[in-house]
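Student:
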Amino acid sequence: MTLTTEPATEPVARPFPTRGHTARLPWPFPDDLTAFRYSVNVEPARVVRRTAAGEWGAHIVDLGGEEYGAIMAERRRILDADPTRVRVMPGMEPACWDLLVYYLRDLAASYPHVMELEESVAPAGDRFHWRNHALGTDQVFVLGDAATLPCDPLTFLGREVPDDLLLVKERDGRLHFDAGLVTFAAAWSVSFDVGMSMDEIHQPVPGLTRAGVTARAEQFLRRLPADQVYRRVNWTLSASGSRKLDVSLEELPEWGTDIPALVRDEDWGRLQLRIEVEHFIRLPMTGAVTFNIRTHMTSLEEIRQVPAWRDQLAQVVLELPEDVAAYKGFLDHRGPAMAWLTRPTGVAGATGPDGRTAS
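Heads up: the sequence shown begins at 1217 in this note's numbering, then just goes up one per residue.
1) So TYR1543 is in the alpha helix (DSSP H); what residue range does that whole segment cover?
2) Would ALA1251 be called buried (16 or more neighbouring beta carbons within 10 Å of its own) or exposed?
3) Let me know the beta strand (DSSP E) ranges lying completely inside the stretch 1342-1380, each 3 residues or longer, listed in chain order.
4) Enumerate in chain order the residues of its own chain whose CB-to-CB distance from ARG1291 is below 6 Å, with the five nearest sequence positions on each side excluded.
5) Identify which residue in ALA1401, ARG1387 and VAL1317 has its Cα closest to the Cα of GLU1376.
6) Could you pull the start and end residues of the alpha helix (DSSP H) that ILE1287 belongs to?
7) Do you know offhand how far LYS1385's Cα is from GLU1434's?
8) Going by C-alpha to C-alpha distance, which of VAL1356, TYR1327, LEU1351 and HIS1329 sits closest to GLY1341?
9) Give the DSSP-derived three-state secondary structure of ILE1276 in the structure shown.
10) In whole angstroms, what separates the C-alpha of GLU1538 from that of TRP1313?
11) Give the range of the beta strand (DSSP E) segment to which PHE1393 is assigned.
12) Based on Cα-Cα distance, which residue from GLU1416, PRO1378, THR1371 and ASP1415 lies nearest to ALA1395?
13) Drop a sphere of 10 angstroms on the beta-carbon of GLY1236, count the other beta-carbons inside from all chains shown, and report buried for 16 or more, exposed for fewer.
14) Can you name, in chain order, every residue of its own chain whose Cβ lies under 6 Å from the Cβ of GLY1412, other than the five neighbours on each side?
In structure tokens form, the structure reads like this:
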């Protein structure tokens, strides 16, 4: 008999080793970068990267320390309110099970102090017992048997990890985004994008197709080996002036006025740098390719406390071509925002790097 216990609705408090928010932040730029352009900037994963404030990158899934409980409570709230944040195209169910097992094994190996996975062979198939002490989850399930989980395997995994989860499959000679759980999209919708090819998804990004970046990215994913994991970092200034992870198109009425209000009030310290760490994995059982997106947010006020970050971000943002800055959504306010960022603390009316006077 298989014992099935529902995961706790709300994450429960448990001691969790952590370091400060800034110390764990995956700063998106190499130390010597002064100009940003889109590229296939992938590197091996599970490699620690040092930054001016700390380090990051030891694990595929960054639980986020003391933020983990709050992030997961928000994700579960969104999934409960809007089940359409999970979309699975026909034929993708085996890949979803593959993803679930891969990630639970990785989590148990990365965080053995709070997560455990027991595996055994039962008469009906492979049996797994998952415990997540940080969230209070205690679940027994059989691989491929949907009746042994309280929800589909992709949703179950999404209720355990802070990452958005996307699965890519080759169809008709092209790679397509055919399954995903996305609660923290940056001005896009999983319901709209599911089923699209890589070209279709990235068509709005200035210069990406023309410069061959999309083609090289697709080539990389096609050749991704099963025994290696890679990652890349993406960034923008957030469409919201608060640390709001869910700025999806579904939630546009909730965040669409945030930046206009921030610009009106010149409240630049509250403007957020949104950093997305993506991991690329070829799953071992099905060969499907997944990439997770872990979103981090930090305000200009926090960045201002790290001089190397402050100066580099201002230089990169102000140098960015206008079409890219417009696509990222900050063309009209990048000047005063970066002037505020680089203004000496406590000095009113100082001139920023673009020559404008900060208020």
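Glycine included, each C-beta is placed from N, C-alpha and C at the ideal position.
These numbers come from a predicted model, not from an experiment.
Tutor: Answer, in terms of the structure:
1) 1538-1544
2) By the 10 Å Cβ count, ALA1251 comes out exposed.
3) 1353-1358
4) THR1399
5) VAL1317
6) 1284-1297
7) 11 Å
8) Here the closest residue by C-alpha is VAL1356.
9) coil
10) So the alpha carbons of these two residues sit roughly 43 Å apart.
11) 1390-1397
12) THR1371
13) exposed
14) Contrary to the premise, residue 1412 reads as Met rather than Gly in this sequence. Here the set comprises PHE1393.
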